[in-house]
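Structure first, then comments.
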Amino acid sequence: MIIDITGIELTPGNKGINCKGNGKHRDNQGKVIECCCDECDYLSCCTNENPPCKGCKDPDCLLVK
């Protein structure tokens with residue numbers, strides 16, 4: 000798991016659909032959470048058609064286990 004600089008938990012895989020940093024989710028106050036994709040280490044996992052992504056070094060990554 001990667002926590003973004005803003006405190007958002009980024010989730011790999013599923014083409015980014017479940018990731019709270021994809022710009023399509025809302026926080027507890029109903030405000031849209033800004034997109035974090037430009038700086039995301041998981042971006043290749045979210046866009047890759049055939050995960051798990053090669054070279055992932057995150058020991059908590061759900062796709063590597």
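All letters in the sequence shown, in the order written, are residues 0 to 64 by numbering that gives the first Met the number 0.
Yeah, the Cβ is synthetic: ideal placement off N, Cα and C, and Gly gets one too.
All values reported here derive from a predicted model rather than from experimental measurement.
Spatial distance of residue i from residue j (CA atoms)
i   : j   : result
G20 : I1  : 11 angstroms
G22 : I32 : 6 angstroms
D57 : N17 : 18 angstroms
N13 : N27 : 23 angstroms
L9  : Y41 : 8 angstroms
Cβ-based burial, residue i [other Cβ within 10 Å; buried from 16]
i   : result
P11 : buried
G15 : buried
I4  : exposed
N-terminal and C-terminal residue of the alpha helix (DSSP H) that residue i is part of
i   : result
T46 : 42 to 46
Cross-strand partners of residue i (DSSP beta bridge)
i  : result
E8 : I2
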